[in-house]
Amino acid sequence: MVCSGFIRLAAALVCLWGLLALPAQAQSDTEVDLALVVAVDISFSMDTDEQALQREGFAQAFRSKLVHDAIRGGMLGRIAVTYMEWAGSPDQKVIIPWTVLDNSESLMAFADRIASTPLRRAQRTSISSAIDFSVKLLEESGLTANRQVIDVSGDGPNNQGRLVLEARDAALAKGITINGLPIMLRQPGYLDIPDLDVYYKDCVIGGQGSFTVPVRERDQFIEAIKTKILLEVANLMPGQTLISRIQSPQRTNCMAGEMQWRDRWSN
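Numbers -26 to -1, 1 to 241, taken from mature numbering (1 follows the signal peptide of the UniProt record, and there is no 0), label the letters of the sequence shown in order.
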């Protein structure tokens, strides 16, 4: 199974990267190797079991020794992360504000805060608003970061707010990288689209070193999230086996979600 190789490959890459990295003394409390926005879908299309798995995956990622080692191997040896949840265009909420992670204690405390936050759900899916909100969080963070990354997870296409391509391109113009975790645990149904991973590749992610880690099986969920966070912290890309690309004769329709919503009300 593809998932079974996630952590082994990522660990090998981190070990190699760590040998090459040259740690340097941090000059300021606001200087970090990475400023990371974890943007998590809580729309009603995500059932509570999926939400719980998603939450557990992120909590486990920040408890992982591999992630701890990757942070220590950075030039400054610390990152800053904020965890936010999103659904429709008016619904973005910061669950954990910007937090500098530079030792095991801070990482464990951050993971515990993720795990202990009550689950909630909300209407609609606005990836574009999630990206715009994340960009604002980065701009107002007060951090000086070598890299700025938005980590978007979701199980459906954009169907509210401005076009996702507009939001993506605006973020990329600011030097921000967007990575994706398309969640594909169910057969496409109401307001879903087939090949969500291709949609994310064509319409959502972008920037230097951007990638997706699709989740197609429930038992892949937690390991996929852990691997994605690890690769983002270590500034590595997954091998081609992790990016399960589907051959498509033409570019994805990046307005597929908006068209579905329009058709719903016109019939």
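Idealized CB from N, CA, C, for every residue including glycine.
Note that the structure is predicted; figures quoted are calculated from it, not measured.
For Ala147, count the other beta carbons within 10 Å of its own beta carbon; 16 or more makes it buried, fewer makes it exposed. Which is it?
When all chains shown are included, Ala147 counts as exposed.
Only counting the same chain, and skipping five residues up and downstream in sequence, which positions put a Cβ closer than 8 Å to that of Ser115?
The answer, listed in chain order, is Ala9, Ala54, Thr56 and Trp72.
For the structure I just gave you, are there three or more beta carbon pairs, one from the segment 10 to 25 and one from the segment 85 to 105, closer than 8 Å?
Yes, since at least three Cβ pairs between the segment 10 to 25 and the segment 85 to 105 fall closer than 8 Å, the two stretches touch.
Can you find the residues in the same chain that come closer than 7 Å, C-beta to C-beta, to Lys67, ignoring five residues on each side of it along the sequence?
Sequence-distant Cβ neighbours of Lys67 in its own chain, meaning closer than 7 Å and more than five residues away, are Met58 and Glu59.
From Asp65, Ala144, Glu197 and Asp7, pick the residue whose C-alpha is nearest to that of Ala104; which is it?
Ranking Asp65, Ala144, Glu197 and Asp7 by Cα distance to Ala104 puts Asp65 first.
By DSSP, does Gly47 sit in helix, in strand, or in coil?
Residue state, collapsed to three classes: coil.
Between Thr201 and Thr151, what straight-line distance do the alpha-carbon atoms span, to the nearest angstrom?
Cα to Cα, Thr201 sits roughly 17 Å from Thr151.
Taking only runs of the alpha helix (DSSP H) that begin and end inside the segment 14 to 91, which ones reach a length of at least 4 residues, in chain order?
Secondary structure remark: continuous alpha helix (DSSP H) runs of at least 4 residues inside the segment 14 to 91, in chain order: 22 to 37, 39 to 46 and 78 to 90.
If you draw a straight line from the C-alpha of residue 272 to the C-alpha of Thr99, how long is it?
The structure shown does not extend to residue 272, since the chain is modelled only from -26 to 241, so the question has no answer here.
Are the beta-carbon atoms belonging to residue 258 and Leu159 less than 8 Å from one another?
Nothing can be reported for residue 258, as the shown portion of the chain is limited to -26 through 241.
Three-state secondary structure (DSSP) of Asp7
DSSP places Asp7 in strand when its eight states are reduced to three.
Which of the three DSSP states is assigned to Leu146 in this structure?
Here Leu146 sits in helix by DSSP.
Give the C-beta separation of Asp176 and Ala13 to the nearest angstrom, bearing in mind that I take them to be a contact with Cβ-Cβ under 8 Å.
About 19 Å separates the CB atoms of Asp176 and Ala13; that is not less than 8 Å, and the two are not in contact.
Cβ-Cβ separation, Thr91 to Val172 (assumed contact under 8 Å), whole Å
Not confirmed; about 32 Å, so no contact.
In angstroms with no decimal places, state the Cα-to-Cα distance between Ala208 and Gly47.
Cα-Cα distance, rounded: 8 Å.
Span of the beta strand (DSSP E) holding Val207?
Where Val207 is concerned, there is no enclosing beta strand (DSSP E), although the alpha helix (DSSP H) around it starts and stops at Phe195 to Ala208.
So what does DSSP say about Ile124, is it helix, strand or coil?
Note: Ile124 maps to strand in three-state DSSP.
By a C-beta neighbour count over all protein chains shown, 10 Å radius and 16 as the cutoff for buried, is Thr186 buried or exposed?
By the Cβ-count criterion, Thr186 is buried, with 16 or more other Cβ atoms from all chains shown falling within 10 Å of its own Cβ.
Can you give the Cα-Cα distance for Gly181 and Gly149, rounded to whole angstroms?
So the two alpha carbons sit approximately 7 Å from each other.
On the three-state DSSP scale, how would you describe Leu155?
In this structure, Leu155 counts as strand in the three-state DSSP scheme.
Measure the C-alpha to C-alpha separation of Glu206 and Gln234 and round it to an integer number of angstroms.
Rounded to whole angstroms, Glu206 to Gln234 spans 32 Å at the Cα level.
Best match in Asn133, Pro156 and Ile45 for proximity to Met229 [C-alpha to C-alpha]:
Distance check between Met229 and each of Asn133, Pro156 and Ile45 places Asn133 closest, using alpha-carbon atoms only.
What is the rounded straight-line gap between the Cα of Gly231 and the Cα of Ser102?
Roughly 12 Å separates the two Cα atoms.
Could you say which of Ile203, Glu197 and Ile167 lies nearest to Ser184 if we only look at CA atoms?
Comparing Cα positions, the closest option is Ile203.
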